[in-house]
Every structure is written in structure tokens, then in C-alpha cells.
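Enquirer: Protein chains in written order, with this note's numbering: chain A, 1 to 217; chain B, 1 to 71.
Note that the Cβ used here is the ideal one computed from N, Cα and C, for glycine as well.
Take a look at this one; I'll ask things after.
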Amino acid sequence: MMVSKDTATMRETGEASGKRPGIGWPIAISLATIFLAAFVAGYLDGTAGAGHPIMPTPLGAGLVVLAGAVAMGLYLRRVGAFWRDWSRRKRLYWASLIGAGLIGALAATLLHSGRVEVGGDPFFSNSALSPTIAIILALLWIGGLAVTAFFYQRVIDDHEERAYLWAGLAGFYAFIIPAPAWWALARASILPPVDAMLLVLFAVIANAAVYFWLKFR
Amino acid sequence: MNNQLKVLRAMRNWSQAELADRLDVSRQAVNAIETGKYDPSLPLAFKLARLFAMPIEEIFDDGFEGHRDDA
Chain A
1 MMVSKDTATM
11 RETGEASGKR
21 PGIGWPIAIS
31 LATIFLAAFV
41 AGYLDGTAGA
51 GHPIMPTPLG
61 AGLVVLAGAV
71 AMGLYLRRVG
81 AFWRDWSRRK
91 RLYWASLIGA
101 GLIGALAATL
111 LHSGRVEVGG
121 DPFFSNSALS
131 PTIAIILALL
141 WIGGLAVTAF
151 FYQRVIDDHE
161 ERAYLWAGLA
171 GFYAFIIPAP
181 AWWALARASI
191 LPPVDAMLLV
201 LFAVIANAAV
211 YFWLKFR
Chain B
1 MNNQLKVLRA
11 MRNWSQAELA
21 DRLDVSRQAV
31 NAIETGKYDP
41 SLPLAFKLAR
51 LFAMPIEEIF
61 DDGFEGHRDD
71 A
């Protein structure tokens, strides 16, 4: 069989590749940033509560997060030879995953900080949110998910595409089967009113279970 | 579907990760093909055939033992 241009362009790895960086530093930087930001926020809240405000809490926590981002940037620059050697598909793939993770972390932070009522579970309760936070969350969910999903679906390989599609179908069934049944039973006062977010959570769990099974078994 | 991927890879002393990089797929994809948990798409099968410079049917075996005309 003739060797095509396709083969010629296949990457000869192991020659120009940089050394595979460990995952320890990114985890350490992320954890240090989160804990330090929480500590600074707590300290600033405490001083403000005692009548001696040093600076606004969001500013203090934001400065810590900024320092963490700079540290992460310096680390990525140091190990740049490794990921610059990746194919375009692989770089976009990881960018879409990290992007989705950052959007999730930002949404969780907003959910936690945007509660009007204090107390209760910040993530799965239906407690009131401030309108500004609610609008930002909705836009983040719709826009962020659409953009990251667009890039992710364009760059996944065959194997992951199959896992993703079957997982999507499992999530669909996990929503479409119980939702109308619950709705009908709720109309007869047999069950409490339909909780959409509980159904979404169930669908996401079914989706994740099938995805991880097909991708990593 | 049976395949010779593990043997062909071992003959070249490549790790799963190295083969995955050459095919621009994930290491999990190579592992799933080798263990028969996943049959690759036609484009990926052709890519494998080109990489190993072999016909697809010498890499993959669907277990069919009759004549080609019987298929």
C-alpha cells in the first residue's frame, strides 16, 4: 500500500516532544488559590464585621485569584514545549474541557455568593437568587455550554464520540421517561410538583455513568 | 472484531500513548480497539492501515471464513 500524505503528516512523537509535565503543580496551585482566597475573604469579612474594613472582600479574594492565575500561567509557560507539541485537535480538546471546568467553577461561585437567603444548600435548593446573579448564571450556562460543547464535539476522537453519543441518549431517556410520569402523578396529587432540577441532576448522573463506562472501562 | 493492533504496536516497540499520538486519538481509544471493546470507524481503520502500511483486512478480522463472493 502506498504511503499517503496523511501518513507523512502523522506526528513523529518522542523526537520533539517535551517532557510530560506532572499534574502535581497545577493541582497545588489551584488548591492553594482556592484556600487562600477563602481565607482572605473570611479575614476581610471578619475585619469588616469588627468595624475595621481593610478592603472590600471581593477585591481581596479577586487579587488572590489573579495571583493564582499568574502562577498557573508561569507554570504553563515553563512546560510549554510539551503542550505546544500537541496536535491542534488535542489542544482544542483540552481547552474545551478546561473551559467547561472553569465555567462550572465560576457558576458554583456565583451560586454560592448570589444567594439572597443565607443558609441551606447553595447548589441544589430553590432558594432566592439576586436578579443580577441569576441573569449572569443563565447567560453563562447557555453561552458557555454552547461554545464549549461546539468545540468539544468538533475535536473528540471516534471512540469518545461514541461514548458521548450513547451517554447523551442515556441522559435523554433518564429525563424523558420519568418526567411525564412524575408530571401525571403530581397532577393527581400522588407526588409533589415536578422538580426540574432534580430531573436534570438524574439525567446528568445517567449521562456521566454511561460516558465514563464507555470511555474508561 | 479481532485485530492485530497489539502485535503490530509491539513489533514497533510503541506504547499505547505513542500510537495514540501518531493517530491523533486518545490512549483510551487505542486501548479500547486493542481489547476489542470498540471497532474503529472506517476513516480511523484506513489511518491505521496507512500507518502500518498494511491492508485493513490484515489488521482486522471479522471472523468471516467463507469466500469473498459469499459475503
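Under the rule that 16 or more other beta-carbon atoms within 10 Å means buried, what is Arg50(B), buried or exposed?
Expert: Residue 50(B) sits at position 50 when you count from the first residue of the second sequence. Buried, because 16 or more other Cβ atoms sit within 10 Å of the Cβ of Arg50(B).
Enquirer: What three-state label does DSSP hand Leu129(A) in the structure shown?
Expert: Here residue 129(A) refers to the residue found at position 129 when the first sequence is read from its first residue. Reduced to three states, the DSSP call for Leu129(A) is strand.
Enquirer: Taking beta-carbon pairs under 8 Å, can you tell me which members of the stretch 3 to 32 of chain B lie near chain A?
Expert: Answer in chain order: Glu18, Asp21, Arg22, Leu23, Asp24, Val25, Ser26, Gln28, Ala29 and Ala32.
Enquirer: Closer than 7 Å by C-beta to Arg11(A): which residues in its own chain qualify, once you throw out the five before and the five after it? Chain order, please.
Expert: Position 11 of the first sequence, counted from the first residue, corresponds to residue 11(A). Note that Arg11(A) has pLDDT 44, beneath the 50 cutoff, so the model's placement of it is unreliable and the number below is only indicative. The residues are Ser87.
Enquirer: CA-CA distance, Pro180(A) and Ile190(A)?
Expert: Here the question's residue 180(A) lines up with position 180 in the first sequence. Here the question's residue 190(A) lines up with position 190 in the first sequence. Spanning the two alpha carbons is a distance of roughly 14 Å.
Enquirer: Since Val155(A) and Arg89(A) should fall inside the 8 Å C-beta cutoff, what is the C-beta to C-beta distance between them, to a whole number of angstroms?
Expert: In the first sequence, counting from the first residue as 1, residue 155(A) sits at position 155. In the first sequence, counting from the first residue as 1, residue 89(A) sits at position 89. Confirmed, about 5 Å.
Enquirer: Between Arg84(A), Ile136(A), Ala28(A) and Gly46(A), which lies nearest to Leu106(A) when the distance is taken from Cα to Cα?
Expert: In the first sequence, counting from the first residue as 1, residue 106(A) sits at position 106. Leu106(A) has its Cα closest to that of Ile136(A), out of Arg84(A), Ile136(A), Ala28(A) and Gly46(A).
Enquirer: Here's the rule I'm using: 16 or more other beta-carbon atoms within 10 Å means buried, otherwise exposed. How should Asn207(A) be labelled?
Expert: Taking the first residue of the first sequence as 1, we reach residue 207(A) at position 207. It counts as buried.
Enquirer: For the stretch 12 to 23 of chain B against the stretch 42 to 62 of chain B, do three or more pairs of beta-carbon atoms, one drawn from each stretch, fall closer than 8 Å, so that the two count as touching?
Expert: Because the criterion of three Cβ pairs below 8 Å is met, the stretch 12 to 23 of chain B and the stretch 42 to 62 of chain B touch.
Enquirer: Pairs of beta-carbons, one from the stretch 162 to 170 of chain A and one from the stretch 188 to 202 of chain A, closer than 8 Å: are there three or more?
Expert: Because the criterion of three Cβ pairs below 8 Å is not met, the stretch 162 to 170 of chain A and the stretch 188 to 202 of chain A do not touch.
Enquirer: Do you know how far the Cα of Lys215(A) is from the Cα of Arg27(B)?
Expert: Numbered from 1 along the second sequence, position 27 holds the residue referred to as residue 27(B). Numbered from 1 along the first sequence, position 215 holds the residue referred to as residue 215(A). Distance between the alpha carbons of Arg27(B) and Lys215(A): 10 Å.
Enquirer: Closer than 7 Å between beta carbons: that is the criterion. Which residues of the stretch 92 to 117 of chain A meet it against chain B?
Expert: Of all residues in the stretch 92 to 117 of chain A, none has a Cβ within less than 7 Å of some Cβ in chain B.
Enquirer: Since Gly99(A) and Thr148(A) should fall inside the 8 Å C-beta cutoff, what is the C-beta to C-beta distance between them, to a whole number of angstroms?
Expert: Here residue 99(A) corresponds to residue number 99 of the first sequence, with the count starting at 1. Here residue 148(A) corresponds to residue number 148 of the first sequence, with the count starting at 1. Going by Cβ atoms, the distance from Gly99(A) to Thr148(A) rounds to 5 Å, so yes, they are a contact pair.
Enquirer: Roughly how many angstroms lie between the CA atoms of Asn3(B) and Ser41(B), to the nearest whole one?
Expert: As a working mapping, residue 3(B) is identified with position 3 in the second sequence. As a working mapping, residue 41(B) is identified with position 41 in the second sequence. C-alpha separation (whole angstroms): 14 Å.
Enquirer: Using 8 Å as the threshold, is the C-beta distance between Gly22(A) and Leu44(A) below it?
Expert: What you label residue 22(A) is simply residue 22 of the first sequence in a count that begins at 1. What you label residue 44(A) is simply residue 44 of the first sequence in a count that begins at 1. No, they are not a contact pair.
Enquirer: So, does the CB of Arg154(A) fall closer than 8 Å to a CB anywhere in chain B?
Expert: As a first step, residue 154(A) is located in the first sequence; it is residue number 154 there, counting from the start. It does not; no Cβ of chain B falls within 8 Å.
Enquirer: Starting from the Cα of Arg162(A), find the closest Cα among Ala37(A), Phe82(A) and Phe212(A) and give me that residue.
Expert: Here residue 162(A) refers to the residue found at position 162 when the first sequence is read from its first residue. Taking only the C-alpha atoms, the option nearest Arg162(A) is Phe212(A).
Enquirer: Measure the Cβ-Cβ separation of Ala20(B) and Val30(B) and say whether it is below 8 Å.
Expert: Position 20 of the second sequence holds residue 20(B). Position 30 of the second sequence holds residue 30(B). Contact: yes.
Enquirer: Quick one, which of Leu129(A), Gly104(A) and Asn126(A) has its alpha-carbon nearest Ile142(A)'s?
Expert: Taking the first sequence and counting its residues from 1, one reaches residue 142(A) at position 142. Selected option, being the one with the closest Cα: Gly104(A).
Enquirer: Just mark Val210(A) as buried or exposed, buried being the case when its beta carbon has 16 or more other beta carbons within 10 Å.
Expert: Taking the first residue of the first sequence as position 1, residue 210(A) is located at position 210. The residue is buried, with at least 16 neighbouring Cβ atoms inside 10 Å.
Enquirer: With a cut-off of 8 Å, does the C-beta of Leu48(B) fall near any C-beta of chain A?
Expert: Translated into the one-based positions of the second sequence, residue 48(B) becomes position 48. No - not a single Cβ of chain A is within 8 Å of the one on Leu48(B).
Enquirer: Among the candidates Val194(A), Tyr75(A), Leu145(A) and Asp158(A), whose CA atom is the shortest distance from the CA of Ile29(A)?
Expert: As a first step, residue 29(A) is located in the first sequence; it is residue number 29 there, counting from the start. When each option's Cα is compared against that of Ile29(A), the closest is Tyr75(A).
Enquirer: Could you name the residues of the same chain whose beta carbon sits closer than 8 Å to that of Trp182(A), not counting the 5 residues immediately before and after it, in chain order?
Expert: Locating residue 182(A) in the first sequence gives position 182, counting from the first residue. Same-chain partners within the cutoff: Leu191, Val194 and Leu199.
Enquirer: Considering only their Cβ atoms, is the gap separating Ser96(A) from Tyr152(A) smaller than 8 Å?
Expert: Residue numbering aside, residue 152(A) sits at position 152 when the first sequence is read from its first letter. Residue numbering aside, residue 96(A) sits at position 96 when the first sequence is read from its first letter. Taking 8 Å as the Cβ cut-off, Tyr152(A) and Ser96(A) qualify as a contacting pair.
Enquirer: Please report the straight-line C-alpha distance between Phe60(B) and Leu23(B), rounded to a whole angstrom.
Expert: Residue 60(B) sits at position 60 when you count from the first residue of the second sequence. Residue 23(B) sits at position 23 when you count from the first residue of the second sequence. About 17 Å.
Enquirer: Looking only at its own chain, which residues have a Cβ that is under 7 Å from the Cβ of Ala17(B), when we skip the five neighbours before and after it?
Expert: On the second sequence, residue 17(B) is found 17 positions in, with the first residue counted as 1. Excluding residues within five positions, the ones whose Cβ falls inside 7 Å are Arg27.
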